[in-house]
Amino acid sequence: METFGVVRRDGRSDPFFDGAARDRLVIRHCPPCDHWYAPDAGGCPECGAEELEWAEASGRAVLVSWAVAHPRGGEPAPLALVELAEGPWMYGRLHGVTSPREGLPLRARFVHPDEGESHPLFEEDREDRGL
Ligand SMILES: [Zn+2]
């Protein structure tokens, strides 16, 4: 459960973490067909392209589902499956969401721990009135 879907730096995912260090949500994009994918996507099932580019997403998302994870030796942390505004689903941590519900508007913010990787948290997007 503790590795459940959350992106880890593994060489292939470096642009995701380099983006997070600059407060940018960087995910996969397929230029030929303009579909977006989660950071761990390897190819495009829509058009068959084998190479996806890294591109900056808006950071806006809605909550799909959530669970409280209990990482070994760590604090329990709410883990969420979110649908990004660009379409792909990805896992991430929630922050400060007191009453999660399906469809809750979220926005990525980035934390920069002294030790470890910068990474996104998803918090409630209180300025979102349009959805
Ligand atoms: Zn494609």
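Residues in the sequence shown are numbered consecutively from 1, following the UniProt record's numbering. From the three backbone atoms N, C-alpha and C, an ideal C-beta is built for every residue, glycine too. Note that the structure is predicted; figures quoted are calculated from it, not measured.
CA-CA distance, residue i and residue j?
i	j	result
Arg24	Arg107	12 Å
Trp54	Asp18	11 Å
Pro31	Leu52	7 Å
Arg109	Ala21	11 Å
Phe16	Asp40	9 Å
Arg12	Gly74	26 Å
Cys44	Glu50	6 Å
His35	Glu46	8 Å
Ala85	Ala57	8 Å
Ala77	Cys33	36 Å
Which term fits residue i, buried or exposed, when burial requires 16 or more other beta carbons within 10 angstroms of its beta carbon?
i	result
Ala116	Here residue 116 is Gly; the residue named in the question, Ala, does not match the sequence. Looking at its Cβ environment, which holds fewer than 16 other Cβ atoms inside 10 Å, Gly116 is exposed.
Phe4	Model confidence at Phe4 stands at a pLDDT of 43, short of 50, so the residue's coordinates are unreliable and nothing is read from them.
Arg60	buried
Val7	buried
Pro113	exposed
Ala80	buried
Gly87	exposed
Met1	Only weak support exists for where Met1 lies, its pLDDT of 31 falling under 50; the coordinates are left without a value.
Arg72	exposed
What are the start and end residues of the alpha helix (DSSP H) that includes residue i?
i	result
Ala21	Asp14 to Ala21
Report whether the distance from the Cβ of residue i to the nearest heavy atom of ligand 1 is below 6 Å.
i	result
Ala49	yes
His29	no
His35	yes
Glu127	no
Determine the extent of the beta strand (DSSP E) in which residue i is found, giving its start and end residues.
i	result
Val26	Leu25 to Cys30
Val97	Run containing Val97: none; DSSP gives neither H nor E here.
Pro78	Ala77 to Leu84
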